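Residue numbers (this note's numbering): 10 to 300. For glycine and all other residues, C-beta sits at the position ideal for the given N, C-alpha and C. This structure is a prediction, so every number in the text was calculated from the model and none was measured. Written below as structure tokens is the structure these notes are about.
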Amino acid sequence: MRLVAILLAGVSGVLALVAGGAFALQDTMIFHPDATRVAPTAGYIEVEDIQTQDGEDLVGWYMPPSAGCPIILFLHGNGSRLDRDVWRYERIHEQGVGLLALAWRGYSGSSGKPSERGFHVDADAAWSWLMAKGYASRDVIIQGFSIGSGPATRLASLQDAGGLILEAPYYSMADLVRHKTAGVPLDLVLKHPFRSDRRIKQVDEPVLMAHGGVDSVIPSRQSKRLFELANTPKTYRLFDASEHNTLVRDGLYEEAIWPFIAAHWTPATQPDSSTPTNCFLSPTTVSGEAL
10 MRLVAILLAG
20 VSGVLALVAG
30 GAFALQDTMI
40 FHPDATRVAP
50 TAGYIEVEDI
60 QTQDGEDLVG
70 WYMPPSAGCP
80 IILFLHGNGS
90 RLDRDVWRYE
100 RIHEQGVGLL
110 ALAWRGYSGS
120 SGKPSERGFH
130 VDADAAWSWL
140 MAKGYASRDV
150 IIQGFSIGSG
160 PATRLASLQD
170 AGGLILEAPY
180 YSMADLVRHK
190 TAGVPLDLVL
200 KHPFRSDRRI
210 KQVDEPVLMA
220 HGGVDSVIPS
230 RQSKRLFELA
240 NTPKTYRLFD
250 ASEHNTLVRD
260 GLYEEAIWPF
270 IAAHWTPATQ
280 PDSSTPTNCF
290 LSPTTVSGEA
300 L
């Protein structure tokens with residue numbers, strides 16, 4: 010019995026050391042900010058400054074929509090930078106849909122340090138900026154990619170948006186960490202749990218979830234479990250051969266997002282019949298995209 014007690018104490022000590030180290034290092038494990046501020050090369054993108062309630066200055070890339078089209082509030086992933094999504098922006102622009110791509114605090118020239126709480130404050134600030142610009146809440150589609158899916162889900166649970174799109178989402182960050190650490194309970198000391206599983210039940214807007222079948226960062230079973238909790242109407246699209254970062258290349262907008270918005274979104278204010286709209290034209294090829 011004494012030997013067992015010693016072994017258990019040793020194991021407990023090792024786990025405590027591992028957990029303590031993970032607690033200290035988890036910010037660098039979860040967030041990979043690149044603070045480089047890069048100007049957009051496309052003439053249709055405007056750079057905006059967005060202020061948060063806690064005093065941070067955020068960078069946003071903005072494209073106003075064509076008449077009668079929605080605008081997407083896009084919340085990016087943990088290792089991204091605004092200029093790395095040019096193929097996404099081109100697809101959105103060519104359909105006449107608007108965009109506000111927000112740079113999280115600590116990313117792409119935005120001030121501050123990344124954290125879950127900070128990301129939620131940032132998402133709230135982006136929403137408030139759009140409302141101040143005069144957009145109706147139902148004309149805003151919230152889209153979150155990867156780590157951005159958590160703040161997107163929370164924001165949609167609090168606002169009356171036109172829809173919620175989750176691209177490669179997790180069930181929760183706590184659950185993802187639990188599965189990736191093979192039994193070591195690091196989720197118990199997680200400062201940034203991003204509990205989408207608790208928030209998704211409060212989302213009343215139409216929901217689209219899309220995932221790659223060979224995603225090596227966030228396995229598709231994470232989004233499938235989250236999808237089970239979502240209210241209707243909801244749509245799930247699995248791209249069998251797609252990785253974490255290839256969904257846009259592999260037809261996310263053409264095969265999933267545009268059909269979803271066309272089926273579930275209605276303009277808050279119908280445009281004047283004499284004003285031509287430019288929404289959801291036939292998909293065209295995006296030139297120069299890496300395959």
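Bounds of the alpha helix (DSSP H) holding Trp267 are Trp267 to His273. For the set Thr278, Glu237 and Leu108, the Cα lying nearest the Cα of Asp206 is the one of Glu237. Looking at the backbone, the Cα of Val149 and that of Val186 are separated by about 31 Å.
According to the DSSP assignment, Val95 belongs to the alpha helix (DSSP H) that extends over Val95 to Glu103. Contact annotation: the region 53-69 touches the region 126-138, with at least three C-beta pairs closer than 8 Å.
The shortest CA-to-CA distance from Gly159 to any of Gln62, Leu173 and Asp63 is the one to Leu173. Taking every protein chain shown into account, the CB of Met38 has fewer than 16 other CB atoms within 10 angstroms, so this residue is exposed.
Across the structure, Ile156 and Tyr262 are spaced so that their CA atoms are roughly 19 Å apart.
Put simply, of Glu176, Ser146 and Glu103 the residue whose alpha carbon is nearest the alpha carbon of Thr278 is Ser146. If you look at Gly88, you'll find it isn't in any beta strand (DSSP E); DSSP assigns it neither H nor E. By the neighbour-count criterion, in which a residue is buried when 16 or more other Cβ atoms sit within 10 angstroms of its Cβ, Tyr144 is buried.
Counting only residues of its own chain and dropping the five nearest sequence neighbours on each side, Val226 has a CB closer than 6 Å to the CB of His253. DSSP places Gln211 within a helical segment (H, G or I) once states are collapsed to three.
The Cβ neighbour count for Asp58, taken over all protein chains shown within 10 Å, is under 16; the residue is labelled exposed. Taking C-beta atoms under 8 Å as the contact rule, Tyr179 and Met218 fail to qualify, at a distance of about 11 Å. Per the DSSP secondary-structure output, Ala219 pairs in a beta bridge with Glu176 and Arg246. In the three-state DSSP reduction, Phe203 falls in the coil class, being neither helix nor strand.
Here Gly222 has Ser229, Leu247, Phe248, Asp249, Ala250 and Ser251 as same chain residues with Cβ atoms under 7 Å from its own Cβ, once five neighbours each way along the sequence are excluded.
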